[in-house]
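Protein chains in written order, with my numbering: chain A, 237 to 492; chain B, 415 to 940. Heads up, the beta-carbon is just placed ideally off N, CA and C, and yes, glycines get one too. Note that this is a predicted model, so its numbers are computed, not measured. Below you'll find the structure, written out as structure tokens, and then a few comments.
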Amino acid sequence: MKIFATYNIKGGVGKTSTAVNLGYLAARDGYRVLLWDLDPQGAASFMFRIRPRVKGGGKALIRGTRSIDEAIKGTDFEHLDLLPADFTYRKLDLMLDGAKDPARRLASLLAPLRSQYDVIILDCPPSISLLSESVLHAADVLLVPLIPTTLSVRTLDQLTDFIGDFRGKKPRVLAFISMIDQRKRLHKQIAEALPAQRSDFAATVIPALSLIEQMAVERAPVAAFAPRSQAARRYRELWAEARDRGGLPPPRPPGS
Amino acid sequence: MPDAQPDLVPDTAGVPPQADALVVAALPGSGFDLVTGARRATIRRTWLDTFDWRLYRAGLTLEQVSGRGGTEFRLTGRDGAEVAAEQFRDAAGRPPRWPGQLDALPAGPLAERLAPVVGVRALLPVARATSTVRERRALNGDDKTVARVIADQMSVTYPAAAHLPDRLEVRPVRGYQAQAERLAARLAALPGVTTDERPALEAVLASAGRRAGDYSGRIDVQLTAGMPAATAMAAVFAALLATLEANVPGTIADIDTEFLHDLRVAVRRTRSALKLAGQVLPHGARARFQPAFKWLGDLTTPTRDLDVYLLGLPAMTARLVGADPADLEPFGDHLRRSRRRAQRELARGLRSARFGHLRRDWREVLDEAATAGRRRPAAAALAAGSITAVHRRVLAGGAAITATSPPESLHELRKRCKELRYLLEIFASLHAPGVAWRAVQELKGLQDCLGEFQDTDVQRGELRDFAVQMMDERAAPAQTLLAMGEVAAGLARRQRRARAEFAGLFSEFASPDGQARIAALTRAAG
Numbered sequence: 237m238k239i240f241a242t243y244n245i246k247g248g249v250g251k252t253s254t255a256v257n258l259g260y261l262a263a264r265d266g267y268r269v270l271l272w273d274l275d276p277q278g279a280a281s282f283m284f285r286i287r288p289r290v291k292g293g294g295k296a297l298i299r300g301t302r303s304i305d306e307a308i309k310g311t312d313f314e315h316l317d318l319l320p321a322d323f324t325y326r327k328l329d330l331m332l333d334g335a336k337d338p339a340r341r342l343a344s345l346l347a348p349l350r351s352q353y354d355v356i357i358l359d360c361p362p363s364i365s366l367l368s369e370s371v372l373h374a375a376d377v378l379l380v381p382l383i384p385t386t387l388s389v390r391t392l393d394q395l396t397d398f399i400g401d402f403r404g405k406k407p408r409v410l411a412f413i414s415m416i417d418q419r420k421r422l423h424k425q426i427a428e429a430l431p432a433q434r435s436d437f438a439a440t441v442i443p444a445l446s447l448i449e450q451m452a453v454e455r456a457p458v459a460a461f462a463p464r465s466q467a468a469r470r471y472r473e474l475w476a477e478a479r480d481r482g483g484l485p486p487p488r489p490p491g492s
Numbered sequence: 415m416p417d418a419q420p421d422l423v424p425d426t427a428g429v430p431p432q433a434d435a436l437v438v439a440a441l442p443g444s445g446f447d448l449v450t451g452a453r454r455a456t457i458r459r460t461w462l463d464t465f466d467w468r469l470y471r472a473g474l475t476l477e478q479v480s481g482r483g484g485t486e487f488r489l490t491g492r493d494g495a496e497v498a499a500e501q502f503r504d505a506a507g508r509p510p511r512w513p514g515q516l517d518a519l520p521a522g523p524l525a526e527r528l529a530p531v532v533g534v535r536a537l538l539p540v541a542r543a544t545s546t547v548r549e550r551r552a553l554n555g556d557d558k559t560v561a562r563v564i565a566d567q568m569s570v571t572y573p574a575a576a577h578l579p580d581r582l583e584v585r586p587v588r589g590y591q592a593q594a595e596r597l598a599a600r601l602a603a604l605p606g607v608t609t610d611e612r613p614a615l616e617a618v619l620a621s622a623g624r625r626a627g628d629y630s631g632r633i634d635v636q637l638t639a640g641m642p643a644a645t646a647m648a649a650v651f652a653a654l655l656a657t658l659e660a661n662v663p664g665t666i667a668d669i670d671t672e673f674l675h676d677l678r679v680a681v682r683r684t685r686s687a688l689k690l691a692g693q694v695l696p697h698g699a700r701a702r703f704q705p706a707f708k709w710l711g712d713l714t715t716p717t718r719d720l721d722v723y724l725l726g727l728p729a730m731t732a733r734l735v736g737a738d739p740a741d742l743e744p745f746g747d748h749l750r751r752s753r754r755r756a757q758r759e760l761a762r763g764l765r766s767a768r769f770g771h772l773r774r775d776w777r778e779v780l781d782e783a784a785t786a787g788r789r790r791p792a793a794a795a796l797a798a799g800s801i802t803a804v805h806r807r808v809l810a811g812g813a814a815i816t817a818t819s820p821p822e823s824l825h826e827l828r829k830r831c832k833e834l835r836y837l838l839e840i841f842a843s844l845h846a847p848g849v850a851w852r853a854v855q856e857l858k859g860l861q862d863c864l865g866e867f868q869d870t871d872v873q874r875g876e877l878r879d880f881a882v883q884m885m886d887e888r889a890a891p892a893q894t895l896l897a898m899g900e901v902a903a904g905l906a907r908r909q910r911r912a913r914a915e916f917a918g919l920f921s922e923f924a925s926p927d928g929q930a931r932i933a934a935l936t937r938a939a940g
């Protein structure tokens, strides 16, 4: 089981769109996928038409009084399940603070799902908090969408330094340029330069496309409702890079 | 995981999908919307299990579904929930051929889940059918799929041709069980629809007059204390003959090693029962058939011995310390060549007129014994007498064994223990299940120890013979012989360990409590 997390301290950079599309594409490759919508706003849950509600709220999950199993919902897509958001997730920091070894609590909650899922994707709320620290400890691969600005790169460096201080397992970082406006020269320059200069950058760039915004209307991954679009193609390329970064084998040629 | 709803069966058997129309008719006002999923499709379905139904007994159902989209394997639990699934396609787009070993399936979670259950057995088709299916998605008020409703018109092609009534299956999406139940209840309430709790496989098998789990290597005969012993033994021998015959085709076709194993166990049980209780059969049948079954037993021995070696080879290789695992490869090749020869001989013997006559004549004797009418002795008296006699022999044989006794004395004791075990199993239906089970378990501990002692002794001797054969065939590089020497040393260590454990196990078996357990059985039977 590999755990991917979409993470950025900033909001509105494409974390949820990435989590939703990569989750869908991983499931379509035949992996058994669970997407955990950790953002109390519940955008990923909304995209899959699943009500953002968990019985007992985040507290029951963190304390282990209610099993994660019971809270999981099937999406409309085969092999893709969702652990919905809940408004109480806004207090997950406080809940984690009361837990034993809070930085590793998410990892231990997810461990029993090993037999059920090949891939888990954590869609994180924008913040730096105890929750994000717990996510960073649980993840094998950190997917970091960055809008093409110099400040974004500085934030990435801070994140990499923070992870570098971890003892034991560290997630591998895969940053990628998100929401690039092809008409802006600075965007294009940064998008071309960074993947060439840094090994923690994906070659794939996700453009700012209205079709991606359309996901909230269609309430489905763009890779599902517009599979031949440029947006879907880019997410497929990003998933291939993320899969390699996570050390997941390419989808098995059936019959091999 | 969600539970699957029981299937619903409109009683409009044989007509084109009424079931699908029923779903549409049921929806108005239900709070659900229907969306047509994939268009109508024809799929070929093959249910797979081992010959002895290991998956069924473990609460699992493995189905291979082939259609235009390729082939998928789906493993479900007793509640119908999916445990694992795997897509399959070889280069030519064909599904695998069955019977076959588990490695015909792609490596992955499905094969991993199956491996500990299936073990060394092959998977083979237990049923086949062709289904015309139409899937619809049931949506709730949020337009979220809460269940898939599958209308299925199925024609069974194996084990016998049959048409099943149309089936409607409501498959809940995970987390939406309650809504799916409401939908299923609405469908079930429609006129002309009945609920079918059986999984599809059981309905398919029932249409062919079969049921899942209808083979097991166990002696499944219900005896009563007062029935004539001749009738009882005829029933036991007939059950053993049925097991033996059930395993003949699989042994000849060499599908997996356990067909031969079960066949041999049936022969050994028959031989022991003939020796210990066969006197109740008419017309000197015991004296006539003892040599015949010895011939059959001997016919099967070479192949089984080589099977035991080949099945144990990976463990032997893993235990090597000094030698390289690759050093044993020529030995493995030699075993496989020898086994192919032995298997040809075995198949020839099982196709022979001699074997055919043995089965025919034996059945005639059993038919006659079942109705011969000799009322004495009763089954319980025969059971008590024979168990008591063999138990005494085990106690005497074990008590006579000292630290200096030759291996042969332990081999003899093993035979007596096997005889006692078979008697306990044959007459199990006369005893309280718990008491008989405990007695067998205790005996089993002693048997395992004696088995380890004898098997390692025999295997060491055979290993020397194999080495000589390989030298003669110039198929034995020096490093292979050295590796075989290391294997022989390992066998000697295991043999010494078994010998050291024997005294403790036997004294437990011969303890007053152990003896009382057997005595309770014979009292109850007598």
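Within chain A, the residues that residue i reaches when beta carbons sit closer than 7 Å
| i | result |
| --- | --- |
| B:Val587 | Gly310 |
Chain A residues whose Cβ lies nearer than 8 Å to that of residue i
| i | result |
| --- | --- |
| B:Asp557 | Arg285, Arg455 |
Buried versus exposed, by CB contacts within 10 Å (16 or more), residue i
| i | result |
| --- | --- |
| A:Asp401 | exposed |
| A:Gly404 | exposed |
| A:Gln394 | exposed |
| A:Lys420 | exposed |
| A:Arg453 | Going by the sequence as given, residue 453 of chain A is Val instead of Arg. Under this definition A:Val453 is an exposed residue. |
| B:His577 | exposed |
| B:Val429 | The predicted position of B:Val429 is uncertain, since its pLDDT is 36 and thus under 50; no value can be drawn from it. |
| B:Val808 | buried |
| A:Ile286 | buried |
| A:Ile364 | exposed |
| A:Ser492 | Residue confidence is low: A:Ser492 scores 38 on pLDDT, short of 50, so the model does not pin down where it sits. Its coordinate-derived value is still stated next. When all chains shown are included, A:Ser492 counts as exposed. |
| A:Gly300 | exposed |
| A:Pro320 | buried |
| B:Val901 | buried |
| A:Lys309 | buried |
| A:Phe398 | exposed |
7 Å Cβ cut-off: residues of chain B touching residue i
| i | result |
| --- | --- |
| A:Asp317 | Arg588 |
For residue i, the residue or residues it bridges with in DSSP
| i | result |
| --- | --- |
| B:Arg539 | Correcting the residue identity first, residue 539 of chain B is Pro in this sequence and not Arg. DSSP, once it has assigned bridges, lists B:Leu462 as partnering B:Pro539. |
| B:His577 | B:Ser569 |
| B:Leu489 | B:Leu476, B:Ala498 |
| B:Thr450 | B:Arg550 |
| B:Gly481 | B:Gly484 |
| B:Ser545 | B:Ile457, B:Met568 |
| A:Pro485 | None; A:Pro485 has no bridge partner. |
| A:Ser414 | A:Ile442 |
Contact test: residue i Cβ vs the ligand FAD heavy atom, cutoff 8 Å
| i | result |
| --- | --- |
| B:Gln873 | Among the components modelled here there is no ligand, and therefore nothing to report on the ligand FAD. |
Check whether the region 245-259 of chain A touches the region 328-345 of chain A, taking contact to mean three or more Cβ pairs, one atom from each stretch, closer than 8 Å. no
Using 8 Å as the Cβ pair cut-off and three pairs as the minimum, do the region 667-680 of chain B and the region 817-827 of chain B touch? Too few Cβ pairs lie closer than 8 Å, so no.
Sufficient close CB pairs (3 or more, under 8 Å) joining the region 679-688 of chain B to the region 832-846 of chain B: yes
Within 8 Å, do at least three Cβ pairs link the region 792-803 of chain B to the region 744-763 of chain B? no
Could you check whether the region 460-474 of chain B touches the region 611-627 of chain B, counting it as contact only if at least three pairs of C-beta atoms, one from each stretch, sit closer than 8 Å? yes
Do three or more CB pairs link the region 456-474 of chain A to the region 417-435 of chain A at distances below 8 Å? In short, these stretches do not touch, since the Cβ pair count stays below three.
Validate contact between the region 911-926 of chain B and the region 854-863 of chain B using beta carbons, cut 8 Å, 3 pairs: yes
Quick check: the region 648-655 of chain B against the region 600-613 of chain B, are at least 3 beta-carbon pairs closer than 8 Å? no
Touch check for the region 590-605 of chain B and the region 632-643 of chain B: three-plus C-beta pairs under 8 Å? no
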